[in-house]
Amino acid sequence: MGYTTLLTIIENNICIITINRPDKLNALNKDVFSELDNAIDEVIKNPEIKSAIITGSGAKAFVAGADITEFSGLNKEQAMALAQRGHDVFFKIENSPKPIVAAVNGFALGGGCELAMACHFRLCSENAKFGQPEVNLGLIPGYGGTQRLTQLVGKGKSMELQMTGNMVDANEALQLGLVNHVTAADSLLQKTKDILQVIHAKAPVAVGKIIECINTAVVNRGNESGYKKEVAAFGECFITEDMKEGTAAFLEKRKAVFTGK
Ligand code: COA
Numbered sequence: 503m504g505y506t507t508l509l510t511i512i513e514n515n516i517c518i519i520t521i522n523r524p525d526k527l528n529a530l531n532k533d534v535f536s537e538l539d540n541a542i543d544e545v546i547k548n549p550e551i552k553s554a555i556i557t558g559s560g561a562k563a564f565v566a567g568a569d570i571t572e573f574s575g576l577n578k579e580q581a582m583a584l585a586q587r588g589h590d591v592f593f594k595i596e597n598s599p600k601p602i603v604a605a606v607n608g609f610a611l612g613g614g615c616e617l618a619m620a621c622h623f624r625l626c627s628e629n630a631k632f633g634q635p636e637v638n639l640g641l642i643p644g645y646g647g648t649q650r651l652t653q654l655v656g657k658g659k660s661m662e663l664q665m666t667g668n669m670v671d672a673n674e675a676l677q678l679g680l681v682n683h684v685t686a687a688d689s690l691l692q693k694t695k696d697i698l699q700v701i702h703a704k705a706p707v708a709v710g711k712i713i714e715c716i717n718t719a720v721v722n723r724g725n726e727s728g729y730k731k732e733v734a735a736f737g738e739c740f741i742t743e744d745m746k747e748g749t750a751a752f753l754e755k756r757k758a759v760f761t762g763k
């Protein structure tokens, strides 16, 4: 389909979308977002496609987060627009009437963990690691993570993970309910495809209604308070000295020193 940051292939009615920036650990930049937006539109409207898998290129990372190089120089409004763009694309995934499953093949950090959580469910390889490390940058998750991680693992664990920025490995992710299955790296895609083939044999309208009803049960809808607050709070972080220090420290490969300003 002519993408530059994604690889897509349709195989047995499953569209496999691979985020393909392995030298940057598949970090989500503007191009990835606009191509992912288009790819999800294609999944929804193409009758040959019954479901989709989102995965990452290479053996190391699913997605290591939003592309931090795009953060520098953003003002509060631009940061809020960046977060809102992420919300819009991830809501499109979450509300797709066809199943979209994350096959997490390595680091799923920040926006990568948020992308995986926007999918209907998740499988991961044994080397996968999940986390919301934005606090290390003087930031908060901006693509729905404050809401979806809380929905998936509960308030206490979500608080701890987001305030410490610590990562969890595949087995802990399984215990927490963040992923449904852990596999060897070389069986991850096959196991994901096998589950989707089971779903393909079911009534598509019923599958779509299950997605809609479960989302209604657990999702605080996009125009409601939690997600809105996250966009505003993400923007507010961008006018702090600590955010400038945190992102500069990452890009300069040194430890950040925060002052609370
Ligand atoms: N945005 C932009 N570039 C990123 C990135 C991100 N989120 N994550 C990784 N990269 C880049 C690195 O800058 C590096 O680029 P370079 O080779 O041009 O210097 C390349 O990807 C490889 O990453 P590197 O940090 O060298 O790999 P590592 O094995 O030492 O560490 C991680 C892996 C995932 C622990 C580390 O890359 C990391 O902490 N990434 C950021 C995670 C994060 O904070 N995400 C939330 C963003 S809001």
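Numbering (the numbering used here), first residue to last: 503 to 763.
All C-beta atoms, glycine included, are put in the ideal place defined by N, C-alpha and C.
1) Using C-beta distances below 7 angstroms, list every residue in its chain close to T761, excluding the 5 sequence neighbours before and after it, in chain order.
2) Do three or more CB pairs link the stretch 658-675 to the stretch 623-632 at distances below 8 angstroms?
3) So, at 6 angstroms on beta carbons, what are the nonlocal neighbours of G737 in its own chain, with the 5 sequence-adjacent residues on each side left out?
4) Name, in chain order, the residues that DSSP records as bridge partners for S795.
5) Distance, Cα to Cα, T506 vs N638?
6) Does any heavy atom of the ligand COA sit closer than 6 angstroms to the C-beta of F760?
7) Take G724 and list the residues in its own chain whose beta-carbon comes closer than 7 angstroms to its own, dropping the five residues that flank it on each side.
8) Could you check whether the Cβ of E765 sits closer than 6 angstroms to any heavy atom belonging to the ligand COA?
9) Residue range of the alpha helix (DSSP H) that L691 falls in?
10) For G759, which three-state DSSP category applies?
11) Could you tell me whether the Cβ atoms of T603 and I555 are closer together than 7 angstroms?
12) In terms of residues, what are the limits of the alpha helix (DSSP H) holding A675?
13) Quick check on the burial criterion: 16 or more other C-beta atoms within 10 angstroms. Buried or exposed for I516?
14) Looking at the unbroken beta strand (DSSP E) that takes in G748, where does it start and where does it end?
15) With respect to the alpha helix (DSSP H) encompassing V534, which residues constitute its N-terminal and C-terminal limits?
16) What are the complete alpha helix (DSSP H) segments, minimum 4 residues, inside the stretch 576-635?
17) Given that a residue counts as buried once 16 or more other Cβ atoms are within 10 Å of its Cβ, and exposed if not, what is I595?
Per the coordinate set shown:
1) What you label residue 761 is simply residue 259 of the sequence shown in a count that begins at 1. Cβ within range, chain order: E743 and D744.
2) yes
3) Here residue 737 refers to the residue found at position 235 of the sequence shown. Same-chain partners within the cutoff: K578, A581 and M582.
4) The chain is shown from 503 up to 763; residue 795 falls before or after that span and cannot be answered.
5) Residue numbering aside, residue 506 sits at position 4 when the sequence shown is read from its first letter. Residue numbering aside, residue 638 sits at position 136 when the sequence shown is read from its first letter. For T506 and N638, the distance between alpha carbons rounds to 30 angstroms.
6) As a working mapping, residue 760 is identified with position 258 in the sequence shown. Outside the cutoff, so no.
7) By one-based count along the sequence shown, residue 724 stands at place 222. Note on G724: pLDDT 49, under 50, position unreliable in the model; no value is reported.
8) This structure does not reach residue 765, given that the chain is present from 503 up to 763, and the question cannot be answered.
9) Residue mapping note: residue 691 aligns to position 189 of the sequence shown, counting from 1. It spans L690 to H702 - the alpha helix (DSSP H) in which L691 sits, taken as one unbroken run.
10) Locating residue 759 in the sequence shown gives position 257, where the first residue counts as 1. Per the sequence shown, residue 759 should be read as Val rather than Gly. V759 falls in the coil class under three-state DSSP.
11) Within the sequence shown, residue 603 is the residue found at index 101, counting from 1. Within the sequence shown, residue 555 is the residue found at index 53, counting from 1. For the sequence presented, residue 603 should be read as Val rather than Thr. In contact: V603 and I555 (Cβ atoms closer than 7 angstroms).
12) Counting from 1 along the sequence shown, the entry for residue 675 is found at position 173. Its alpha helix (DSSP H) spans residues A672 to L678.
13) Within the sequence shown, the letter at position 14 stands for residue 516. I516 comes out buried.
14) As a first step, residue 748 must be located in the sequence shown, where it is residue number 246. Here G748 belongs to no beta strand (DSSP E); instead the alpha helix (DSSP H) covers E743 to L753.
15) Along the sequence shown, one-based indexing puts residue 534 at 32. Note, V534: alpha helix (DSSP H), K532 to K547.
16) 578-596 and 613-620
17) In the sequence shown, residue 595 corresponds to position 93, counting from 1. Buried, by the Cβ-count rule.
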